[in-house]
Structure formats: structure tokens, C-alpha cells
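Numbering (the numbering used here), first residue to last: 304 to 498. Glycine residues also receive a C-beta, built at the ideal position from the N, C-alpha and C atoms. Values in this document were obtained by computation on a predicted structure and should not be read as measured data.
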Amino acid sequence: MTADEVVVLYKENGALLQGHFLLSSGLHSDTYLQSAKILQHPGHAARLCAAMVAGIPADLQQRISCVVGPAMGAVLVSYECGRALGVRSLFAEREAGQMVLRRGFALAPGEGVLVVEDITTTGGSMRECIAAITAAGGQVLAASAIIDRSSGFSDFDDIPFFPLLTLPVRTWEAVDCPLCAVDGTPVKPGSRGLH
Ligand SMILES: [Zn+2]
304 MTADEVVVLY
314 KENGALLQGH
324 FLLSSGLHSD
334 TYLQSAKILQ
344 HPGHAARLCA
354 AMVAGIPADL
364 QQRISCVVGP
374 AMGAVLVSYE
384 CGRALGVRSL
394 FAEREAGQMV
404 LRRGFALAPG
414 EGVLVVEDIT
424 TTGGSMRECI
434 AAITAAGGQV
444 LAASAIIDRS
454 SGFSDFDDIP
464 FFPLLTLPVR
474 TWEAVDCPLC
484 AVDGTPVKPG
494 SRGLH
């Protein structure tokens with residue numbers, strides 16, 4: 304699956320909108336992404352996650368025996384990547400503000416893990432998930448995401464990162480927003496899930 308095909312699939316499913324948006328951070332952006340709109344279709348999720356897995360070098364793939372993603376956004380991504388790799392899938396979630404493995408999820412000491420996200424912007428929740436995996440005894444061998452919106456980092460603390468699509472986020476403070484100059488007030492679609 305090429306980067307262009309990922310963009311087309313997102314657009315066709317209303318998961319990638321272009322316009323003038325107010326993000327939950329208060330910044331303005333010309334792009335709005337909502338992976339849930341595409342992951343609601345199991346066939347699309349399976350196809351995207353198979354392509355994510357295919358982008359990971361074979362020698363690393365062979366050492367992965369578990370996929371973990373941060374809830375909620377990455378639960379389905381982790382599940383479909385697990386299916387593609389033929390390994391199990393877990394998710395990390397917050398407990399008292401800290402990302403941890405709950406629900407009886409456990410990793411064997413040194414177990415090889417792929418950590419995944421739907422969309423990375425700052426990489427913050429990916430890093431928290433990596434910390435949760437490490438704390439549980441796992442060894443994170445690789446990271447992946449459907450879309451990487453960061454404009455800088457490519458690796459997480461020496462963990463190789465293989466996003467399916469790189470789409471740097473374009474955001475502005477309201478006072479600097481070029482869209483405000485021509486388009487007035489930005490749209491705020493939904494309240495959460497904005498990247
Ligand atoms: Zn604006």
C-alpha cells in the first residue's frame with residue numbers, strides 16, 4: 304500500500320478533511336484526521352495494518368511476539384497488526400494518570416514487542432506506552448503508526464520507527480493563521496480525537 308493510497312483511503316472515508324480547523328490544543332490547522340472513521344471498517348483496518356507490518360524489516364518481524372498500543376486510538380491498530388504478524392495483541396491504558404498494562408496482560412521477560420499508534424503527533428503517548436512495556440519486562444523492538452504527523456523525530460529513543468505515511472502537521476497560533484486571514488472562523492469537528 305503506497306502513501307498515496309493511504310491518503311486516498313482516508314479521504315474517501317471522511318477520515319482526512321482539509322479546510323480550516325481549531326485543534327483541541329488551541330492551534331489552527333489545515334488538516335483534520337480521525338482514524339476512527341476508517342478503522343470502523345474492519346477490512347480497511349486489516350489492510351492498513353498489514354501494510355504497516357510489511358514495512359518492518361523481516362529480521363525484526365521474526366523477533367516480535369506481541370503488539371501493544373495505547374488505548375483508545377491504537378487498540379484496533381494493535382489488534383490488526385497482531386493478526387498480520389500472527390502474534391497476540393495487548394493495549395496499555397491510563398491508571399491514576401500513568402500508562403500501564405492492566406486486565407491481566409503480561410509480557411515474558413525480554414519478550415519482543417512492536418508498539419503501534421494510529422497517529423503520532425508529538426509521540427507522547429507512544430513514549431508512555433514504551434515505558435509501560437519496558438516496566439512490564441518487554442523489549443520494544445520497533446514502533447509503527449498509520450500516520451506520523453510529527454515534524455522532527457523519526458525514532459523513539461533508538462527504537463526504529465516505521466510509519467506507513469508521513470504527513471507533517473501544519474498548525475499555527477490563531478494570530479499567525481493564514482487561513483483566518485481569508486476564511487474567518489475555524490471549524491472544531493468533535494471535541495476529542497483531533498491530531
Ligand atoms: Zn485560523
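Item	Value
Tell me whether PRO492 counts as near ligand 1, meaning its Cβ is closer than 6 Å to at least one heavy atom of that ligand.	no
Given the structure, does LEU482 come close to ligand 1, in the sense that its CB is under 6 Å from one of the ligand's heavy atoms?	yes
Hey, quick one: how far does the alpha helix (DSSP H) through ASP486 stretch, first residue to last?	481-486
Would you say PRO489 touches ligand 1, meaning its beta carbon is less than 6 Å from a heavy atom?	yes
Just to confirm, is the Cβ distance from ASP451 to THR423 under 7 Å?	yes
Apart from the five residues just before and just after ALA387, which ones in its own chain have a Cβ nearer than 7 Å to its Cβ?	CYS352, ALA353 and VAL356
Using 8 Å for Cβ pairs, my map puts LEU363 next to ALA477. What's the rounded Cβ distance?	The Cβ separation is near 43 Å, so there is no contact.
Measure from the alpha carbon of VAL443 to the alpha carbon of each residue in PRO489, VAL371, GLY389 and GLY427, then state which is nearest.	VAL371
For SER381, does the three-state DSSP call read helix, strand or coil?	helix
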